[in-house]
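**Student:** Here's a structure for you.
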Amino acid sequence: MEKIVSLCKRRGFIFQSSEIYGGLASTWDYGSLGAELKRNLKNAWWTSNVYERADIEGLDASILMRPETWMASGHVTSFEDTLVDCRSCKKRFKVEHVTGKKCPECGGELTDARQFNLMLKTHLGPVEDTGSLTYLRPETAQGIFVNFQNVLTSMRRRLPFGIAQIGKSFRNEVTTGNLTFRSREFEQMEIEFFVKPGTDEEWYEKWVNERFEWYIKLGIKKENLRKRRHEKSELAHYAKACTDIEYKFPFGWSELEGIANRTDFDLKQHIRLSGKDLQYFDDETKEKYIPYVIEPSGGVDRSILAFLTDSYKEEEVKGEKRVSLAIHKKLAPIKVAILPLLRNRPDIVALAKTILNDLKGCPALGGKVMYDDTAGIGRLYRRQDEIGTPFCITVDVDSLSDKKVTVRDRDSMKQDRVAVEKVKEYLEEKFN
-11 MEKIVSLCKR RGFIFQSSEI YGGLASTWDY GSLGAELKRN LKNAWWTSNV YERADIEGLD
49 ASILMRPETW MASGHVTSFE DTLVDCRSCK KRFKVEHVTG KKCPECGGEL TDARQFNLML
109 KTHLGPVEDT GSLTYLRPET AQGIFVNFQN VLTSMRRRLP FGIAQIGKSF RNEVTTGNLT
169 FRSREFEQME IEFFVKPGTD EEWYEKWVNE RFEWYIKLGI KKENLRKRRH EKSELAHYAK
229 ACTDIEYKFP FGWSELEGIA NRTDFDLKQH IRLSGKDLQY FDDETKEKYI PYVIEPSGGV
289 DRSILAFLTD SYKEEEVKGE KRVSLAIHKK LAPIKVAILP LLRNRPDIVA LAKTILNDLK
349 GCPALGGKVM YDDTAGIGRL YRRQDEIGTP FCITVDVDSL SDKKVTVRDR DSMKQDRVAV
409 EKVKEYLEEK FN
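In terms of our numbering, the sequence shown opens at residue -11 and continues consecutively.
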């Protein structure tokens, strides 16, 4: 884990938020490479679930919602942790993580248990009073539920169908740590899939299997993934069943994504509090009912941490340690790096930049292409390996006469000599 944290800071994947002021606990900024990785991950998820399926629509709901939303969902009354504080070291712990009446860290005396709500509060308008109180959303799901009828009607949908959304959520977490694994501001990739009651169990199993395979298709090693079905005692108050897709992090098996059968709990609650009819009318069978919901909900930040961890490799090459990220081409922050062998040769630099401009915005590559002449070729290769760049193109002296460049593969380190006019075609084949 220390190696991943070091890599993230050194290479510009993840920084501590507000670092120059001492940092803000459990909040993180994504650097230049982290921002690209995050965008690529979200694009891959959206493509798989919205573009490649015919039964899902997209949504981007507001972070701020009416407080009644969170009353209906149960967050206002039941989204709490029972906590104790140490009078000596001032650390705070969940009651279930403490044995006896002594601090597990320093042995000091603990306070009485108290209830803490995990939602972050804010106020709308210039005056802070009870009438202006609202919350930063603790989950993205409720934005989908309150828009169920809007999407159903505007997109002329029939069941079964889903609504997908990627967005920020906020929780006043007490137990944080392990870089971005558990933080107070995080991003979710979430689907609410609406089905006819009685078909929910079949759809639940389908979604568990489909989401598990998605991570494998993007390069996570199968042996580092597992499905863990919740015991009845673990289930949330709204869930009929839930399965976690867990990843074997350096700190142990932990949840990447949860797939839950939420039954009709949420829509029923919003019907009760809003007075609006959110039932579905089947114009073929003439039935009217409240749909059941299957919810695949994954964390963007946790997924990024898993992909970085899983792709991290150390090996010895010619007596030197080589660090690389064998990350899937779809997710790689930099798709191709253009490296001139001699930066003091204007003719070599000019050819390198011509290739760079030709590849910029190439749809098949699906991401950023960069130019780098800030070191010798050996160091440039190692730098690109460490950030996961799949291909490097070296422009050398011979390129001026034979009109060919060297294309190096990150994983095999194999080098191909490719004609300049064929470079784009060569890469397009590799990225397909």
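Just so you know, even glycine gets a beta-carbon here, dropped at the ideal spot from N, CA and C.
Computed from a predicted structure; not experimentally measured.
#1: As a quick exercise: from K82, A363 and A314, pick the residue whose alpha carbon is nearest that of N332.
#2: Is R367 helix, strand or coil when you go by DSSP?
#3: For a test of the three-state rule: what should DSSP assign to E93, helix, strand or coil?
#4: How would you write the range of the beta strand (DSSP E) that S242 sits in, first residue to last?
#5: Consult DSSP for L255 and reduce its assignment to one of helix, strand or coil.
#6: What does the alpha-carbon distance come out to for the pair H63 and S20?
#7: If you follow the alpha helix (DSSP H) that T157 is part of, which residue opens it and which one closes it?
#8: Thinking just about the alpha-carbon of each residue, which of Y277, T231 and K412 is nearest to the one in E222?
#9: In the structure shown, what three-state DSSP assignment does G22 receive?
#10: Nearest CA to the CA of D361: which residue from R144, K194 and I336?
#11: On a Cα-Cα basis, can you pick out the residue from L124, P114, R41 and S120 that is closest to F149?
#12: Below 8 Å on the Cβ atoms is my contact criterion, and I expect G465 with L47 to pass it. Report the Cβ-Cβ distance as a whole number of Å.
#13: Are the beta-carbon atoms of V324 and E180 separated by less than 7 Å?
#14: What's the gap between the Cα of E303 and the Cα of R310?
#15: Locate the beta strand (DSSP E) running through E308, then write down its first and last residues.
#16: So, under 8 Å CB-CB, N420 and A352 are touching, yes? Tell me the CB distance rounded to an integer number of Å.
#17: Identify every residue that forms a DSSP beta bridge with W16.
#18: Considering only residues of the same chain and omitting the five flanking positions on each side of I154, which have a CB-CB separation below 6 Å?
#19: Take the Cβ of C77 as the centre, count every other Cβ of all protein chains shown within 10 Å, and call the residue buried at 16 or more, exposed below.
#20: Does the beta-carbon of N393 have 16 or more other beta-carbons within 10 angstroms, so that it is buried, or is it exposed?
#21: Going by C-alpha distance, which of W34, P321 and K391 is nearest F1?
#22: What three-state label does DSSP hand R125 in the structure shown?
#23: Helix, strand or coil for G131 per DSSP?
#24: For the beta strand (DSSP E) containing P328, name the first residue and the last one.
#25: Kindly confirm or deny that the stretch 8 to 18 and the stretch 104 to 124 touch, where touching means at least three C-beta pairs closer than 8 Å.
**Tutor:** This is what the structure holds:
#1: Indexing the sequence shown from 1 puts residue 332 at position 344. Out of K82, A363 and A314, A363 has the C-alpha closest to the C-alpha of N332.
#2: Residue numbering aside, residue 367 sits at position 379 when the sequence shown is read from its first letter. Per DSSP, reduced to three states, the secondary structure at R367 is helical.
#3: Within the sequence shown, the letter at position 105 stands for residue 93. In the structure shown, E93 sits in coil (DSSP, three-state: anything other than H, G, I, E or B).
#4: By one-based count along the sequence shown, residue 242 stands at place 254. G240 to T251 is the extent of the beta strand (DSSP E) around S242.
#5: Residue numbering aside, residue 255 sits at position 267 when the sequence shown is read from its first letter. In the structure shown, L255 sits in a helix (DSSP, three-state: H, G or I).
#6: Taking the first residue of the sequence shown as position 1, residue 63 is located at position 75. Taking the first residue of the sequence shown as position 1, residue 20 is located at position 32. Computed Cα separation, rounded: 35 Å.
#7: As a working note, residue 157 is residue 169 in the sequence shown. This sequence places Ser at residue 157; Thr is not what is there. In the DSSP assignment, S157 falls outside any alpha helix (DSSP H) and within the unbroken beta strand (DSSP E) covering F149 to F158.
#8: Within the sequence shown, numbered from 1, the residue matching residue 222 stands at position 234. Checking every option, the nearest Cα to that of E222 belongs to T231.
#9: The residue given as residue 22 occupies position 34 in the sequence shown. In the structure shown, G22 sits in a helix (DSSP, three-state: H, G or I).
#10: For this step, residue 361 is matched to residue 373 along the sequence shown. For D361, the nearest C-alpha among the options comes from I336.
#11: What you label residue 149 is simply residue 161 of the sequence shown in a count that begins at 1. Comparing Cα-Cα distances from F149 to each of L124, P114, R41 and S120, the minimum goes to R41.
#12: The requested residue 465 is not part of the displayed model; the chain covers only -11 to 420.
#13: On the sequence shown, residue 324 is found 336 positions in, with the first residue counted as 1. On the sequence shown, residue 180 is found 192 positions in, with the first residue counted as 1. For V324 and E180, no; Cβs fall outside 7 Å.
#14: The residue you call residue 303 lines up with position 315 of the sequence shown. The residue you call residue 310 lines up with position 322 of the sequence shown. Cα-Cα distance, rounded: 5 Å.
#15: Position 320 of the sequence shown, counted from the start, is the residue given in the question as residue 308. Where E308 is concerned, the enclosing beta strand (DSSP E) starts and stops at E308 to L313.
#16: Indexing the sequence shown from 1 puts residue 420 at position 432. Indexing the sequence shown from 1 puts residue 352 at position 364. Contact flag correct, Cβ pair sits at about 7 Å.
#17: Taking the first residue of the sequence shown as 1, we reach residue 16 at position 28. DSSP lists Q4 as the bridge partner or partners of W16.
#18: Counting from 1 along the sequence shown, the entry for residue 154 is found at position 166. Only K30 and M177 meet the Cβ criterion.
#19: For the purposes of this step, residue 77 is taken as residue 89 along the sequence shown, with counting starting at 1. Looking at its Cβ environment, which holds fewer than 16 other Cβ atoms inside 10 Å, C77 is exposed.
#20: Taking the first residue of the sequence shown as position 1, residue 393 is located at position 405. Note on residue identity: the sequence assigns Val, not Asn, to residue 393. With 16 or more other Cβ atoms within 10 Å, it is buried.
#21: The sequence position of residue 1 within the sequence shown is 13, counting from 1. Of the listed residues, the one whose Cα sits closest to F1 is P321.
#22: Taking the first residue of the sequence shown as position 1, residue 125 is located at position 137. In this structure, R125 counts as coil in the three-state DSSP scheme.
#23: Against the sequence shown, residue 131 aligns to sequence position 143. Note: G131 maps to helix in three-state DSSP.
#24: To locate residue 328, count along the sequence shown from 1; it is residue 340. Counting along the chain, the beta strand (DSSP E) containing P328 begins and ends at I322 to P328.
#25: Result no; under three Cβ-Cβ pairs closer than 8 Å.
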